[in-house]
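Notes follow the structure.
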Amino acid sequence: MKESTQPVWSPTPQRVNDSEMAKFIENLGFTDATENLHLWSVTKPDKFWAAIWDQFGVIGDFAGVVVEAGKDISSTAWFPQSKVCYAENLLKNAPSNAVITIKEDATVQHWSNSELLKLVSQVQFELENSGVVPGDVVVAWTGNGIETLAIMLAANALGAVFSSASLDFGHTAVVDRFKQLKPKVLLTCDGYQYNGKTIDRTDEIIQVTSNLDSLELILVVDQIGTRDSLKSFLKFNEWETLNSNPVNDVKYVRREFNEPAFVLFTSGTTGLPKGIIHRAGGFILKHMMEQRLHCDIKSGDVVFYYTTTGWMMWNWLVSNLMQGATIVLYDGNPLFPDESRIFKLCEENRVTFVGVSAKFIDAVRKSGFHPNKSLNFASIRTLASTGSPLNSDNYIWIHENIKTDLHIGSISGGTDICGCFVGCDPTKEVWAGEIQGPILGQDVDVIDENGKSLRDSPGKEGELINRNSFPTVPLGFIGDDGTKFHEAYFEANKGVWTHGDYASFTSNGGFVIHGRSDATLKPGGVRLGTAEIYRVVESMAQIRESIVVGQKWQDDVRTVLFVVLTAGHVLNDELIKQIKAKIKAELSPRHVPALIIQVTEIPITRSGKIAEIAVRETIEGRPVKNLASLVNPDSLTQYVT
């Protein structure tokens with residue numbers, strides 16, 4: 001990728017001085033920018049994470065030790081013997097106007113802190129009456145509403161382990177996840193609205209519950225009016241009856257920092273979904289640091305991130321209550337009834353921090369909608385993007401069509417750590433197409449195939465790794481003795497965390513993510529990232545979307561490009577020539593695909609990522625084992641060769 005010659009955004013001196021990052025640096029006595037702070041954070045992790053605990057006021061019992069080194073990254077213990085409760089840190093810091101819930105039909109409800117506490121108390125009473133004790137598992141198969149938030153907080157406050165799945169998951173996907181956990185309690189809804197349609201989930205509820213033998217309590221929310229049809233098939237409690245439960249002070253069970261508290265599932269394409277076990281205190285420290293320092297979220301802010309309950313960004317979003325910020329929970333299609341939906345939501349609720357996927361920005365840009373021509377975004381300070389690389393064109397589009405004085409924060413991490421490896425910095429310039437820098441506390445590097453750092457070789461692509469331990473290193477996988485866990489992250493490059501992203505440094509001190517390294521193209525033995533091909537191809541007016549994969553072919557690998565065309569265009573010889581010529585001119589002859597094929601749909605995962613591995617497996621004739629991780633698995637039939 002050719003680097004920009006001018007930043008797309010620069011913070012004013014006032015913006016820098018007012019930032020949480022600048023205040024944190026000043027409190028520590030540093031006299032220079034975040035580069036010095038970052039070096040200190042990875043060389044003195046005990047002092048850095050202690051400073052996060054102290055300066056941001058973590059609620060808990062600190063036992064005096066910050067880090068206890070193990071034999072490797074995964075065996076390091078954080079804050080051993082210290083005790084914390086995630087829910088306590090959220091509820092005791094939540095602002096008076098704690099939550100705004102918005103449904104696709106534009107139904108809006110505001111929840112004060114006292115109303116949220118009352119609801120959590122009533123849910124907690126129900127859980128205790130059902131015998132939930134520390135270590136039990138509570139799961140939610142629900143939409144992004146107040147019910148999911150309340151049961152998570154109630155369960156966590158009791159010391160239970162929590163996991164959630166989006167309501168658009170089919171019954172197989174839900175059972176594949178939750179059966180591994182042996183949950184005692186399930187919260188679900190009879191259905192939901194999406195894209196203007198009402199989807200009934202009662203048949204799927206019957207199938208899911210019949211496969212979860214461990215359940216002792218089922219709570220069902222009446223979302224679309226079909227809940228009563230379940231009464232002939234299963235015993236459940238109606239969510240609304242919890243309103244009659246007594247209201248007491250919420251009980252907070254503080255558990256040891258390194259005990260399990262959450263299970264998040266990966267959306268891989270092989271085998272059962274992997275249940276990633278996260279420790280009780282990891283989310284508190286990691287999210288507090290990322291949100292305060294890197295995202296500059298402050299008390300009184302209003303934070304919205306478009307997410308479902310099946311994506312790690314839901315956990316990240318609700319953690320903003322710890323920062324004293326109001327959170328906005330939206331349940332529905334972000335593009336319904338049109339491309340203005342999310343932007344109107346931000347204007348109407350005076351959102352200060354908004355997060356969306358790169359794919360969403362791309363869709364809005366290509367629709368021709370110009371948000372700032374009809375809407376006022378005076379309140380928004382930062383727009384974050386994740387899920388896939390945000391290309392240069394979209395940085396510029398955001399700057400020109402949303403707001404010029406807007407911190408564009410591209411971030412990248414994963415469910416694996418429920419946080420970021422690289423991300424934004426409110427005190428530094430933003431360059432189009434680049435992530436600003438490493439996240440504090442993360443010793444991030446990019447290495448070549450020989451393990452050599454590429455830090456001094458800007459633009460050269462390699463494997464993104466992390467050399468140190470940090471508080472959200474998972475405790476492991478559900479049902480695994482450690483073998484699969486170590487294979488997943490530590491086998492490829494011994495002694496360091498290999499995340500599976502193909503990346504490069506930039507001369508501006510930032511990063512570019514080029515796509516998944518396990519989906520990296522390697523024709524003729526030359527490694528090529530996928531993101532740069534998308535940037536070139538999707539800049540053409542004839543092409544709406546694309547996906548590119550490497551296919552084993554005649555003892556080598558050939559590159560195959562699939563394209564979805566815009567209305568009125570067909571893939572003929574002339575267009576194929578144009579595509580190849582543009583790729584050759586803007587990238588290199590090695591990037592030119594051997595085949596270009598027209599399709600009508602690109603398969604995507606439930607977290608909004610294009611499913612390159614699933615397409616690769618399909619065109620090579622191998623079964624895609626985890627079709628449930630895809631929103632549109634039927635689209636793969638177009639890729640059978």
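Numbering (the UniProt record's numbering), first residue to last: 1 to 641. Think of the CB as a built atom: it goes at the ideal place given N, C-alpha and C, for glycine as much as any other residue.
Report yes if the C-beta distance between residue i and residue j is below 9 Å; otherwise report no.
{"i": "Leu-127", "j": "Leu-217", "result": "yes"}
{"i": "Cys-295", "j": "Pro-426", "result": "yes"}
{"i": "Val-422", "j": "Phe-511", "result": "yes"}
{"i": "Leu-285", "j": "Trp-49", "result": "yes"}
{"i": "Thr-618", "j": "Val-599", "result": "no"}
{"i": "Thr-472", "j": "Ile-417", "result": "yes"}
{"i": "Glu-204", "j": "Val-174", "result": "yes"}
{"i": "Leu-186", "j": "Leu-167", "result": "no"}
{"i": "Val-99", "j": "Leu-329", "result": "yes"}
{"i": "residue 648", "j": "Ser-367", "result": "The requested residue 648 does not occur in the structure, where the chain is confined to residues 1 to 641."}
{"i": "Val-560", "j": "Pro-593", "result": "yes"}
{"i": "Phe-304", "j": "Gly-281", "result": "no"}
{"i": "Val-557", "j": "Glu-545", "result": "no"}
{"i": "Ile-398", "j": "Ile-361", "result": "yes"}
{"i": "Gly-60", "j": "Lys-83", "result": "yes"}
{"i": "Ser-357", "j": "Gly-310", "result": "no"}
{"i": "Leu-321", "j": "Pro-95", "result": "yes"}
{"i": "Ile-543", "j": "Ile-579", "result": "yes"}
Using DSSP with H/G/I as helix, E/B as strand and the rest coil, what is residue i?
{"i": "Val-544", "result": "Strictly speaking, residue 544 in this sequence is Arg, with Val absent from that position. Three-state DSSP puts Arg-544 in a strand."}
{"i": "Trp-497", "result": "strand"}
{"i": "Leu-90", "result": "helix"}
{"i": "Asn-265", "result": "A quick correction: the sequence has Phe, not Asn, at residue 265. It is a strand residue."}
{"i": "Thr-270", "result": "Its pLDDT being 42, under 50, Thr-270 is placed unreliably in this model, and the coordinates cannot settle the point."}
{"i": "His-278", "result": "strand"}
{"i": "Asp-556", "result": "strand"}
{"i": "Asn-394", "result": "helix"}
{"i": "Ile-435", "result": "strand"}
{"i": "Lys-83", "result": "strand"}
{"i": "Asp-331", "result": "strand"}
{"i": "Lys-23", "result": "helix"}
{"i": "Leu-127", "result": "helix"}
{"i": "Phe-283", "result": "helix"}
{"i": "Arg-227", "result": "helix"}
{"i": "residue 726", "result": "Not covered by the structure: residue 726. The range shown for the chain is 1 to 641."}
{"i": "Glu-256", "result": "strand"}
{"i": "Trp-53", "result": "helix"}
{"i": "Leu-464", "result": "strand"}
{"i": "Asp-445", "result": "strand"}
{"i": "Gln-6", "result": "coil"}
{"i": "Trp-311", "result": "coil"}
{"i": "Phe-562", "result": "strand"}
{"i": "Ile-206", "result": "helix"}
{"i": "Tyr-194", "result": "strand"}
{"i": "Asn-97", "result": "strand"}
{"i": "Asn-237", "result": "strand"}
So, under 8 Å CB-CB, residue i and residue j are touching, yes? Tell me the CB distance rounded to an integer number of Å.
{"i": "Gly-300", "j": "Gly-332", "result": "Going by Cβ atoms, the distance from Gly-300 to Gly-332 rounds to 27 Å, so no, they are not a contact pair."}
{"i": "Leu-464", "j": "Ala-503", "result": "4 Å"}
{"i": "Phe-162", "j": "Phe-283", "result": "So it is not a contact: roughly 11 Å between Cβ atoms."}
{"i": "Ser-164", "j": "Ala-140", "result": "4 Å"}
{"i": "Asn-468", "j": "Pro-45", "result": "7 Å"}
{"i": "Leu-454", "j": "Val-446", "result": "5 Å"}
{"i": "His-499", "j": "Gly-414", "result": "7 Å"}
{"i": "Gly-608", "j": "Lys-359", "result": "5 Å"}
From what residue to what residue does the beta strand (DSSP E) around residue i run?
{"i": "Ile-408", "result": "407 to 410"}
{"i": "residue 702", "result": "Beyond the ends of the chain as shown, which are 1 and 641, falls residue 702; an answer cannot be given."}
{"i": "Lys-366", "result": "Premise fails: Lys-366 lies in the alpha helix (DSSP H), 358 to 367, not in any beta strand (DSSP E)."}
{"i": "Leu-153", "result": "Here Leu-153 belongs to no beta strand (DSSP E); instead the alpha helix (DSSP H) covers 146 to 157."}
Between which two residues does the alpha helix (DSSP H) holding residue i run?
{"i": "Lys-341", "result": "Just to set this straight, residue 341 is Arg in the shown sequence, not Lys. Unbroken alpha helix (DSSP H) run through Arg-341: 341 to 348."}
{"i": "Gln-14", "result": "13 to 18"}
{"i": "Thr-483", "result": "483 to 489"}
{"i": "Thr-618", "result": "612 to 619"}
Taking only heavy atoms of the ligand GTP into account, decide whether any of them is closer than 8 Å to the Cβ of residue i.
{"i": "Val-549", "result": "In terms of ligand content, the structure shown is empty, and the ligand GTP therefore cannot be addressed."}
Inter-stretch contact (C-beta, 8 Å, three-pair minimum) for the segment 593 to 605 and the segment 630 to 641: The segment 593 to 605 is in contact with the segment 630 to 641.
Inter-stretch contact (C-beta, 8 Å, three-pair minimum) for the segment 73 to 89 and the segment 326 to 337: no
The segment 499 to 516 / the segment 473 to 481 touching (three or more Cβ pairs under 8 Å): no
At least three beta-carbon pairs within less than 8 Å, the segment 568 to 584 to the segment 271 to 291: no
Stretch pair the segment 380 to 387 + the segment 396 to 407: three plus CB contacts closer than 8 Å: yes
Meets three-Cβ-pair contact criterion under 8 Å: the segment 110 to 128 and the segment 234 to 244: With a cut-off of 8 Å, the segment 234 to 244 and the segment 110 to 128 count as touching, because enough Cβ pairs lie within range.
The segment 126 to 140 contacting the segment 354 to 373, beta-carbon criterion three pairs below 8 Å: no
Touch test, the segment 218 to 231 against the segment 434 to 445, Cβ-Cβ under 8 Å, three pairs minimum: no
Stretch-stretch touch, CB-based, cutoff 8 Å, three pairs: the segment 549 to 558 with the segment 609 to 617: Verdict: yes, contact present.
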